[in-house]
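All remarks here apply to the structure that follows.
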Amino acid sequence: MVQGFLDFISDSANWAGAEGIGNRILQHLGYTFLSLLIATLIALPIGLLIGHTRRGAFVAINTGNAARALPTLGLLTLIVLLIGIGQVPVIVALVVLGIPPIMASTYAGVSGVDRSTIDAARGMGMTGREILTKVEIPIALPLIISGLRSATLQIVSTATVAAYVALGGLGRYVIDGLSLRDFPQMLTGAVLVAVLAILLDLLFAFAGRYAVSAGLTGRLRRKTDTKTSTAPAPAGVQ
Amino acid sequence: MTWVGDNSTLIWEQLREHLFLSLLPMLLGLLISVPLGYVATRYSWLANPLVALGGVLYSLPSIALFIVLPAIIGTKVLSAANIIIALTIYAVSLLIRNVIDGLRSVPEDVLQAAVSVGYGTLRRVVTIDLPIAVPVIFAGLRVVTVANISMVSVGAIIGIGGLGELFTLGFQQDFLTPIVVGVVLSLALALLADVLLVGLQRLLTPWARVNTPKEA
Numbered sequence: 001m002v003q004g005f006l007d008f009i010s011d012s013a014n015w016a017g018a019e020g021i022g023n024r025i026l027q028h029l030g031y032t033f034l035s036l037l038i039a040t041l042i043a044l045p046i047g048l049l050i051g052h053t054r055r056g057a058f059v060a061i062n063t064g065n066a067a068r069a070l071p072t073l074g075l076l077t078l079i080v081l082l083i084g085i086g087q088v089p090v091i092v093a094l095v096v097l098g099i100p101p102i103m104a105s106t107y108a109g110v111s112g113v114d115r116s117t118i119d120a121a122r123g124m125g126m127t128g129r130e131i132l133t134k135v136e137i138p139i140a141l142p143l144i145i146s147g148l149r150s151a152t153l154q155i156v157s158t159a160t161v162a163a164y165v166a167l168g169g170l171g172r173y174v175i176d177g178l179s180l181r182d183f184p185q186m187l188t189g190a191v192l193v194a195v196l197a198i199l200l201d202l203l204f205a206f207a208g209r210y211a212v213s214a215g216l217t218g219r220l221r222r223k224t225d226t227k228t229s230t231a232p233a234p235a236g237v238q
Numbered sequence: 001m002t003w004v005g006d007n008s009t010l011i012w013e014q015l016r017e018h019l020f021l022s023l024l025p026m027l028l029g030l031l032i033s034v035p036l037g038y039v040a041t042r043y044s045w046l047a048n049p050l051v052a053l054g055g056v057l058y059s060l061p062s063i064a065l066f067i068v069l070p071a072i073i074g075t076k077v078l079s080a081a082n083i084i085i086a087l088t089i090y091a092v093s094l095l096i097r098n099v100i101d102g103l104r105s106v107p108e109d110v111l112q113a114a115v116s117v118g119y120g121t122l123r124r125v126v127t128i129d130l131p132i133a134v135p136v137i138f139a140g141l142r143v144v145t146v147a148n149i150s151m152v153s154v155g156a157i158i159g160i161g162g163l164g165e166l167f168t169l170g171f172q173q174d175f176l177t178p179i180v181v182g183v184v185l186s187l188a189l190a191l192l193a194d195v196l197l198v199g200l201q202r203l204l205t206p207w208a209r210v211n212t213p214k215e216a
């Protein structure tokens, strides 16, 4: 079976054209990034707002938990039956999946900033907006990035499932291969998605390392790390 | 609503399969990750690689894992074993981190006290380390359980998925009711499992309640 996979992936005919592997990867990444972008544009401001005001914890935490329990395939088939087949329902479903982890971890990061740090900033004469952009966001950044990271992973895997409701992308190999009983083709799709997910995950790991302020990556950073890993963090765990 | 009544046997059957497919991996995951986590705290050089490996495994899309597994371990593509093994892998990869964190959270003086009153290693781990680690382990267990319950349904694409089969059924027949029933039952199952785990955690950590304001 592994041989069949190697044959499939090394055959140059399988790489060319609209049905080719190259184009499928681009499609897959396209859906992923578009959905991630929309989800971020919606969830990030809300997370920042409720984190900054420290109100709405109930909403943030519960949407986070509910999203984890939401069956992906059910959501997809439901939305497709409600608004018809096409790209829009699939993007909608992916955005719905992406919003909660981003919102919950942004909220957790911003609201978790030490009260005395904020008081110090206010004491130095910072306005609310300055406190948010210069103090809260930089300190919350590791958690915000981990939220984006889990959202990305969820979206990239779900984009595979979306082929079931007639979307392109790498899921096509899985669904088409299944109906043709062509196991090497299914395996190709599965392996490519897995590789894509791991690469995106690594990308976020590096982004996290470079984007976080150097002042926070020393002793202070380690302290926050142990805190987030032992608490039932709404997003960091995924 | 008549559809629900007419198909209650089918719904009941899928619900039972769903429970089995999601809870068995959770138990297996716990049985594997607790000893593994203990070994990793004992030989601490193991801890970081294990947690990192867990992170990588957890990032694999479930549908991909369901399909790649048969190629690696030689099961049939349509075997429920693929789902169970895949979800067990997710459970271990998530839990291992919590088990290690939990066991490390046991205060050093508590360990020394246990050793000095003559506790052997096994007795100390079972009666002292693990109970103290319960809250942290359970935090992971709750995430695993809820995530597993929602992931099982993806298996319906390859023909084994408990409530997920109501989604494929509804989609093929262009019929909303089975999908709604499946989503609602799946969410209810996740909620119920979570509540049960919280209750179990309270039972296992009676000392945690002593200091709450209500009972003080």
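Chains as they are written, first to last, in UniProt numbering: chain A, 1 to 238; chain B, 1 to 216. All residues carry an ideal CB built from backbone N, CA and C; glycine is no exception.
With distances taken from CA atoms, which of the options is nearest residue i?
i, options, result
"Val34 (chain B)", "B:Ala64, B:Val51 and B:Ile96", "B:Ile96"
"Pro101 (chain A)", "A:Ala43, A:Thr188 and A:Ile139", "A:Ala43"
"Ile128 (chain B)", "B:Asp194, B:Pro107 and B:Ile32", "B:Pro107"
"Val191 (chain A)", "A:Ala211, A:Phe58, A:Val174 and A:Arg209", "A:Val174"
"Gly86 (chain A)", "A:Ala166, A:Leu196, A:Phe183 and A:Val212", "A:Ala166"
"Asn23 (chain A)", "A:Ile155, A:Gly171 and A:Leu216", "A:Gly171"
"Pro71 (chain A)", "B:Leu192, B:Val184 and B:Ala193", "B:Val184"
"Pro131 (chain B)", "B:Leu204, B:Pro61, B:Ser62 and B:Leu187", "B:Leu204"
"Leu191 (chain B)", "A:Asn65, A:Ile144 and A:Glu136", "A:Asn65"
"Ser105 (chain A)", "A:Val212, A:Ala60, A:Pro138 and A:Ala214", "A:Ala60"
Listing by chain order, which chain A residues have their CB less than 8 Å from the CB of residue i?
i, result
"Val198 (chain B)", "Going along chain A, no residue has its Cβ under 8 Å from Val198 (chain B), so there is no contact; the nearest lies around 11 Å."
"residue 220 (chain B)", "As shown, chain B starts at 1 and ends at 216. That puts residue 220 (chain B) outside it, with no answer to give."
"Ile157 (chain B)", "Leu73, Val161, Tyr164, Val174, Ile175 and Leu178"
"Gly164 (chain B)", "Pro71, Leu73 and Gly74"
"Leu191 (chain B)", "Ala69"
"Ser150 (chain B)", "Arg68, Ala69, Leu70, Pro71 and Thr72"
"Val183 (chain B)", "Leu70, Pro71, Gly74, Leu75 and Leu78"
"Val195 (chain B)", "Chain A residues near Val195 (chain B): none, gap ~12 Å exceeds 8 Å."
For the alpha helix (DSSP H) that contains residue i, what are its first and last residues?
i, result
"Ala60 (chain A)", "Ala57 to Ala69"
"Pro206 (chain B)", "Run containing Pro206 (chain B): none; DSSP gives neither H nor E here."
"Phe175 (chain B)", "Careful: Phe175 (chain B) lies outside any alpha helix (DSSP H) and carries neither H nor E."
"Met126 (chain A)", "From DSSP, Met126 (chain A) is part of no alpha helix (DSSP H); its letter is neither H nor E."
"Arg142 (chain B)", "Leu130 to Val152"
"Glu17 (chain B)", "Ser8 to Arg42"
"Ile73 (chain B)", "Ser62 to Ile73"
"Pro138 (chain A)", "Ile137 to Val161"
"Val95 (chain A)", "Gln87 to Ser111"
"Ser179 (chain A)", "Gly171 to Ser179"
"Asn82 (chain B)", "Ala80 to Arg104"
"Ser35 (chain A)", "Ile21 to Thr53"
"Val191 (chain A)", "Phe183 to Ala211"
"Pro49 (chain B)", "Ala47 to Tyr58"
"Thr133 (chain A)", "Looking at the DSSP string, Thr133 (chain A) is not in any alpha helix (DSSP H), and its letter there is neither H nor E."
"Leu111 (chain B)", "Glu108 to Ser116"
Excluding sequence positions up to five away, which residues of its chain have a Cβ less than 6 Å from the Cβ of residue i?
i, result
"Ser22 (chain B)", "Asn148, Ile149 and Val152"
"Leu187 (chain A)", "Phe5"
"Ala114 (chain B)", "Arg124 and Ile128"
"Ala159 (chain A)", "His28, Tyr31, Thr32 and Gly169"
"Leu169 (chain B)", "Pro178"
"Arg54 (chain A)", "Ser111"
"Thr88 (chain B)", "Pro25, Leu28 and Gly29"
"Ile63 (chain B)", "Val154"
Under 8 Å Cβ to Cβ from residue i, same chain only, skipping five residues before and after it: list those, please.
i, result
"Ile84 (chain B)", "Leu21, Leu24, Pro25 and Leu28"
"Gly54 (chain B)", "Val92, Ser93, Leu94, Ile96 and Arg97"
"Glu215 (chain B)", "Legend: pLDDT at Glu215 (chain B) = 45, less than 50; position of this residue unreliable, no value from coordinates given."
"Ser79 (chain B)", "Pro70 and Ile160"
"Val144 (chain B)", "Met26, Gly29, Tyr90, Ala91, Leu94 and Leu95"
"Leu19 (chain B)", "Gly162 and Leu189"
"Leu141 (chain B)", "Met26, Leu30, Leu95, Asn98 and Leu197"
"Ser105 (chain B)", "Ile132, Ala133 and Val136"
Kindly list, in the order they appear in chain A, the residues whose Cβ is closer than 9 Å to that of residue i.
i, result
"Leu103 (chain B)", "Chain A residues near Leu103 (chain B): none, gap ~11 Å exceeds 9 Å."
"Val146 (chain B)", "Asn65, Arg68 and Ala69"
"Ser186 (chain B)", "Ala69, Leu70, Pro71 and Gly74"
"Ser153 (chain B)", "Pro71, Thr72, Leu73 and Gly74"
Interface residues of chain B around residue i at Cβ under 8 Å?
i, result
"Met124 (chain A)", "Within 8 Å Cβ-Cβ: nothing; Met124 (chain A) doesn't reach chain B, min ~36 Å."
"Asp201 (chain A)", "Gly55, Val56 and Ser59"
"Val156 (chain A)", "Pro61"
Quick one: what's got a C-beta closer than 7 Å to residue i's C-beta in the same chain, skipping five residues either side?
i, result
"Gln14 (chain B)", "Gly162, Leu163, Glu165 and Leu166"
"Ala151 (chain A)", "Leu36, Ala39, Gly98, Pro101 and Ile102"
"Phe8 (chain A)", "Asn14, Pro184, Gln185 and Thr188"
"Thr77 (chain A)", "Val165"
Anything in chain B within Cβ reach of residue i, meaning under 7 Å, just list it in chain order.
i, result
"Phe183 (chain A)", "Val77"
"residue 248 (chain A)", "Outside the displayed range of chain A (1 to 238) lies residue 248 (chain A), so it cannot be described from this structure."
"Leu153 (chain A)", "Ser59"
Residue i touches chain B at which residues, Cβ-Cβ below 9 Å?
i, result
"Val2 (chain A)", "Ala71 and Ile72"
"Thr40 (chain A)", "Simply none; closest approach about 19 Å."
"Leu81 (chain A)", "Gly170, Phe171, Asp174, Phe175, Leu176 and Ile179"
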